[in-house]
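Residue numbers (our numbering): 3 to 337.
Positions of the beta carbon are idealized from the N, C-alpha and C atoms, including for glycine.
Now the structure itself:
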């Protein structure tokens with residue numbers, strides 16, 4: 003199963019059986035609104051805090067996936083989930099209500115592919131039929147924790163990114179119809195030495211390049227094996243930096259097939275600075291848009307590389323650098 007230094011190859015590839023994707027009102031105005039299961043009319047979602055609204059989204063996304071798979075909540079054997087809020091409390095409280103055996107995850111905005119890789123590993127190696135995994139974020143909750151409450155009206159530079167409000171989940175199954183998880187490359191923490199929390203795309207780009215390059219080496223593939231190589235939320239600045247790293251290291255990649263979720267989810271005229279971000283960004287675009295593309299035969303092979311900046315409000319206040327990580331999962335149509 004282990005191939006090369008960091009890659010798991012699944013000889014009996016698990017199936018992505020169904021997905022659930024929900025978003026906020028700003029996401030409804032975006033570029034891929036037809037790929038969501040549900041939108042909320044406001045950021046509060048009839049809850050008394052943004053953090054409880056965050057939890058509400060996670061529960062809803064899980065229920066949409068379970069219903070679309072024609073399963074019951076009791077059929078799901080494990081829940082793997084994470085978010086950006088302190089101690090991943092929205093995921094923890096959602097797991098309490100869902101009452102599914104739970105593994106909480108945190109890789110910041112790389113959590114979606116960490117969860118998908120681990121879900122595939124559990125299904126592949128254990129006597130387990132159904133695992134649900136996902137990631138979520140909430141713009142107002144993240145702003146309050148990492149920066150300033152939106153009411154403060156603080157100014158941001160063009161390198162900043164817009165945290166996605168939403169949740170994306172997937173049911174990974176031992177058998178069934180749907181795209182297959184064929185491999186996963188577990189990333190290393192890469193610290194480029196940057197300290198600016200408003201330039202996370204630039205900070206995450208070296209981790210994205212390192213994981214993609216390692217994946218191609220481990221599987222002995224060229225980048226054109228995939229219809230798309232999809233990064234999580236490098237956005238404009240990080241994508242350009244990552245392309246520079248491919249060029250400097252003489253790794254050939256088709257720029258037109260190098261896609262970023264943070265540049266896919268919103269329309270060009272939406273005021274999102276350099277692009278989208280947040281743990282939900284790669285989860286929503288992958289489980290909503292690209293799984294639809296695979297199911298419709300628009301593409302056959304994708305590599306999704308979720309990227310995460312492993313900072314906290316405390317490390318920013320202490321002027322520490324921003325360590326980053328990227329996890330990659332290949333998803334393919336095999337029939």
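Please classify residue 27 as buried or exposed, where buried requires at least 16 neighbouring CB atoms within 10 angstroms. exposed
Using the C-alpha atoms, what's the distance from residue 174 back to residue 121? 7 angstroms
Quick check on residue 76: does DSSP put it in helix, strand or coil? helix
Look at the Cβ atom of residue 184, then the Cβ atom of residue 15, and state whether they are nearer than 8 angstroms. yes
Straight-line Cα distance separating residue 6 from residue 31: 43 angstroms
Which one of 198, 247 and 22 has the shortest CA to CA distance from residue 319? 198
With a cut-off of 8 angstroms on the beta carbons, I'd call residue 282 and residue 138 a contact; round off their distance for me. 5 angstroms
For residue 287, I'd like the list of residues in its chain whose CB is within less than 6 angstroms of its CB, leaving aside the five on either flank, ordered along the chain. 263, 266 and 267
If you draw a straight line from the alpha carbon of residue 321 to that of residue 221, how long is it in whole angstroms? 38 angstroms
Can you tell which of 289, 234, 302 and 297 has the C-alpha that lies nearest to the C-alpha of residue 328? 234
My understanding is that residue 260 touches residue 293, with C-beta atoms under 8 angstroms, so please give their C-beta distance in whole angstroms. That belief does not hold up - the Cβ atoms of residue 260 and residue 293 are roughly 19 angstroms apart, past 8 angstroms.
Check whether the segment 236-255 touches the segment 69-86, counting contact only when three or more Cβ pairs, one atom from each stretch, lie closer than 8 angstroms. no
For residue 281, report the span of its alpha helix (DSSP H) as first-last. 281-286
Mind reading off the beta-carbon distance from residue 142 to residue 52? Whole number of angstroms is fine, and I expect it under 8 angstroms. 4 angstroms
Member of 250, 168, 129 and 145 whose CA lies at the smallest distance from the CA of residue 158: 145
Excluding the 5 residues preceding and the 5 following residue 332 in the sequence, name in chain order all residues of the same chain whose CB lies nearer than 6 angstroms to its CB. 184, 185 and 305
So residue 334 is in the beta strand (DSSP E); what residue range does that whole segment cover? 326-334
Buried or exposed (CB count within 10 angstroms, at least 16 for buried), residue 182: buried
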